[in-house]
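This report refers to the structure that appears directly beneath it.
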Amino acid sequence: MRPLPHELLGMVAAALTDTVLPALTDGPARRQLKAAISIIARSAAAIPLMDQYLREDIDDVASTLDGLGADVGRTRLPGVARGPTVPDLIVEHDAVHAELESFCEAVDAAMGGDLAALLVRVLDRELALGLSPWRLS
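Just so we're aligned: 1369 in the numbering used here is position 28 of the sequence shown, and the numbers increase by one with no gaps anywhere.
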């Protein structure tokens, strides 16, 4: 099936950039369109990488939490059936991140170094895809 979703989004961003944007004068409407084009283009670039990103992030967060859990007497994370589709992976991703949040709340400050390193790796992956809200450009 062509175009693929990420290709279609790329074509929309290009069309808006080439046809609509030049017709707008400087001002709020032009700035809003430029922001929308940027979001569309970033989404188009991220779509083909989502499966790999989700799998790597799930594995990293789960294995780090498992290792930290052993240090503080927590049991291994309950397994979540890994589905073959991105929506299935998103459910699993949300589950391990919910566990990460709970764990962070439960662990004392002595564990902060390992958790901080994990969170930096998570943020690095999100930045690489253009998905992080912390991206400044």
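Virtual Cβ for every residue (Gly too), placed ideally from N, Cα, C. Here the structure is a predicted model, which is why all the values come from computation and not from measurement.
Query	Result
Cβ shell of ARG1371 (< 6 Å), same chain only, five flanking positions each side left out	LEU1365
Limits of the alpha helix (DSSP H) - the one that ILE1431 falls within	1427-1447
Sequence-distant residues of the same chain with beta carbon closer than 7 Å to LEU1441, five excluded per side	VAL1402, LEU1406
Unbroken alpha helix (DSSP H) run spanning ILE1388, endpoints	Where ILE1388 is concerned, there is no enclosing alpha helix (DSSP H), given that its DSSP letter is neither H nor E.
Distance between ILE1431 and ARG1417 (C-alpha atoms, nearest Å)	Bear in mind that the predicted position of ARG1417 carries a pLDDT of just 48, short of 50, making it too unreliable to give a figure here.
Under 9 Å between C-beta atoms of ASP1398 and ARG1466	yes
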